[in-house]
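Q: Let me give you the structure first, and then I'll get to my questions.
Number of protein chains: 2
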Amino acid sequence: MTLADHAAPAPRPGRRADAERNRAAIIEAATVVFAECGGGVDVREIARRSGVGMGTLYRHFPTKDELLATVLEQQLDTWLTDAYRQAVATEDPWRALTGFFEQLLGNQAGNRAVVESYTATGGPGSACVQRCYALIDQLRVRCADAGVLRPGVTTDDLFLLSGALSQAVLTTAESHPGQWRRLLRISLDGLSSRNAEPLP
Amino acid sequence: MTLADHAAPAPRPGRRADAERNRAAIIEAATVVFAECGGGVDVREIARRSGVGMGTLYRHFPTKDELLATVLEQQLDTWLTDAYRQAVATEDPWRALTGFFEQLLGNQAGNRAVVESYTATGGPGSACVQRCYALIDQLRVRCADAGVLRPGVTTDDLFLLSGALSQAVLTTAESHPGQWRRLLRISLDGLSSRNAEPLP
DNA sequence: GCGCAATAGGAGCAGCCGCTCCGTTTAGTG
DNA sequence: CACTAAACGGAGCGGCTGCTCCTATTGCGC
Chain A
21 MTLADHAAPA PRPGRRADAE RNRAAIIEAA TVVFAECGGG VDVREIARRS GVGMGTLYRH
81 FPTKDELLAT VLEQQLDTWL TDAYRQAVAT EDPWRALTGF FEQLLGNQAG NRAVVESYTA
141 TGGPGSACVQ RCYALIDQLR VRCADAGVLR PGVTTDDLFL LSGALSQAVL TTAESHPGQW
201 RRLLRISLDG LSSRNAEPLP
Chain B
21 MTLADHAAPA PRPGRRADAE RNRAAIIEAA TVVFAECGGG VDVREIARRS GVGMGTLYRH
81 FPTKDELLAT VLEQQLDTWL TDAYRQAVAT EDPWRALTGF FEQLLGNQAG NRAVVESYTA
141 TGGPGSACVQ RCYALIDQLR VRCADAGVLR PGVTTDDLFL LSGALSQAVL TTAESHPGQW
201 RRLLRISLDG LSSRNAEPLP
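From first to last, the protein sequence lines stand for chains A and B.
To convert a position in the first sequence, counted from 1, into the working numbering, add 20.
To convert a position in the second sequence, counted from 1, into the working numbering, add 20.
Shown next, in the form of structure tokens:
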């Protein structure tokens with residue numbers, strides 16, 4: 021399993037010190053800006069906030085998409101690593117599952133770009149999203165084995181649910197922060213084995 | 021109550037026949053294009069598909085947003101009028117509620133622009149979205165009075181749920197069409213009065 | 001038919017945004 | 001300190017998109 025791995029930050033050796041500093045500044049600024057405004061922001065805004073020129077930015081990241089991907093991977097990776105730790109430390113399988121959802125959604129609450137990429141998952145998705153899928157699968161199996169999960173629920177169901185709730189988290193982020201927790205509770209209760217009716 | 025009303029198509033009288041024809045053609049083309057590609061499409065595409073020049077399009081609709089709004093209102097309006105009919109004809113309150121969700125989401129399955137505007141509801145939303153909210157409220161009250169709805173569930177909860185599921189409908193539209201029905205069932209089961217635990 | 005006001009059409013404008021090019025600056029070395 | 005390769009910065013290019021302007025066309029009352 022690759023659930024516990026996470027890609028090294030890779031501070032490649034042969035680079036000049038200022039280049040390294042700028043690269044870090046770009047990633048830091050991009051993380052903030054993408055989280056605030058989503059993936060649609062003007063690249064100039066990121067350059068401005070990181071105190072770097074366009075040329076510099078584009079030497080470090082040949083494409084806006086590549087920068088965005090780097091930032092998103094790093095973000096999700098951090099969250100997942102943390103969530104994984106917490107999941108294996110939780111003995112009750114049901115609490116592990118619900119705790120994971122709460123943690124993931126709570127993290128997404130302030131991050132437009134992550135939610136965008138997470139909900140846009142039509143194709144295979146990035147490596148990190150696949151890791152997220154694998155973690156959900158593991159949690160599902162634990163719950164299923166313990167008999168606390170509604171029969172017939174698939175990992176796809178849980179993954180899709182996480183995406184749908186991400187959307188709810190985002191839309192309520194400013195007007196009704198925290199309302200998503202009610203929805204999460206409702207959905208999770210529908211997932212418990214007390215509801216035994218077969219799914220369509 | 022304004023639940024049964026719907027705005028007249030308003031074929032204003034003093035206009036020339038060709039103008040009327042073009043207006044209709046624009047709305048028809050825009051409906052298709054917005055549904056397929058979302059609200060972000062190039063206006064030129066709509067002009068092309070409706071066989072009309074840019075000038076003509078912009079005389080009928082002073083702004084792209086106004087055209088989009090017109091189309092969205094009309095679309096949602098049609099759906100809601102239909103859904104309202106069906107809801108009042110259904111005696112069982114619970115079946116009325118679940119039927120409404122199924123109908124609304126099924127309609128949204130092939131319409132990017134509607135889902136976009138529906139899930140983007142941060143502010144007060146359009147008149148039609150408010151009508152949708154009112155309809156959900158009515159269905160909720162019926163269920164609550166009959167004692168089949170989980171205590172503490174608000175109209176906001178149901179409305180937010182509909183938006184979250186809309187997102188799921190869209191993301192699975194092409195790869196796993198119909199999977200959203202499983203999610204709908206799960207969530208609705210979580211809404212039944214069999215789950216009596218208080219919500220956060 | 002005739003004349004005119006209403007309508008049509010699409011080239012073009014302005015602003016935004018991803019990305020590049022090249023003259024300038026600077027870190028690291030001996 | 002001098003020198004060079006590496007890194008920097010930002011003006012500018014090209015393409016896209018919402019919208020306008022002005023000439024040509026056409027429906028409609030007489």
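All C-beta atoms in this analysis are idealised placements derived from N, C-alpha and C, irrespective of residue type, glycine included.
Any idea what DSSP makes of S212 of chain A, helix, strand or coil?
A: Of the three classes helix, strand and coil, the one that applies to S212 of chain A here is strand, per DSSP.
Q: With burial defined as no fewer than 16 other Cβ atoms inside 10 Å of the residue's Cβ, what is the status of T118 of chain A: buried or exposed?
A: Classification of T118 of chain A: buried, given that the 10 Å Cβ count is 16 or more.
Q: Taking the alpha helix (DSSP H) that H80 of chain B belongs to, which residues open and close that run?
A: Residues 74-80.
Q: Given a cut-off of 9 Å, decide if L88 of chain A and A133 of chain A are closer than it, judged by their beta-carbon atoms.
A: Contact: yes.
Q: So if I threshold CB-CB distances at 8 Å, which residues from the region 189-205 of chain A count as touching chain B?
A: Correct list: T191, T192, E194, S195, H196, G198, Q199, W200, R201, R202, L203, R205.
Q: With DSSP as the reference, identify every bridge partner of L169 of chain B, one or two as the case may be.
A: B:S212.
Q: Excluding the 5 residues flanking G210 of chain A on each side, which residues of the same chain have their C-beta closer than 6 Å to its C-beta?
A: Correct list: empty, nothing qualifies.
Q: Measuring CB to CB, does G75 of chain A end up less than 9 Å from S137 of chain A?
A: No. Outside cutoff.
Q: Does the structure place the region 95-115 of chain B close enough to the region 158-172 of chain B that three or more beta carbon pairs sit under 8 Å?
A: Yes: the two stretches touch, three or more of their Cβ pairs being nearer than 8 Å.
Q: Closest Cβ-Cβ distance between A146 of chain B and chain A: below 9 Å?
A: For the sequence presented, residue 146 of chain B should be read as Ser rather than Ala. No - not a single Cβ of chain A is within 9 Å of the one on S146 of chain B.
Q: Are the CB atoms of V53 of chain A and R69 of chain A nearer to each other than 9 Å?
A: A contact, by the Cβ cut-off of 9 Å.
Q: Rounded to whole angstroms, what's the CA-CA distance from A154 of chain A to N131 of chain B? Just pull it up for me.
A: Their Cα atoms are separated by approximately 31 Å.
Q: Could you check if R41 of chain A is buried or exposed, using at least 16 other CB atoms within 10 Å of its CB as the buried criterion?
A: So R41 of chain A counts as exposed.
Q: Counting contacts by CB-CB distance shorter than 9 Å, is D176 of chain A in contact with chain B?
A: Yes, contact with chain B.
Q: Closest to Q95 of chain B by CA distance: which of B:R151, B:A109, B:V189 is it?
A: When only C-alpha atoms are compared, the closest one is B:R151.
Q: Which chain B residues are close to P220 of chain A, counting only those with a beta carbon under 8 Å from its beta carbon?
A: Simply G198, R201, R202, R205.
Q: So the alpha helix (DSSP H) A39 of chain B belongs to, where does it begin and stop?
A: Start and end: 37-57.
Q: How many Å lie between D25 of chain B and Q158 of chain A at the Cα?
A: Note on D25 of chain B: pLDDT 46, under 50, position unreliable in the model; no value is reported.
Q: Closest Cβ-Cβ distance between L117 of chain A and chain B: below 9 Å?
A: No, because no Cβ of chain B sits closer than 9 Å to the Cβ of L117 of chain A.
Q: Leaving out five residues on either side along the sequence, give the residues of the same chain with a beta carbon under 8 Å from the beta carbon of G183 of chain B.
A: Answer for G183 of chain B: Y138, T139, T141, listed in chain order.
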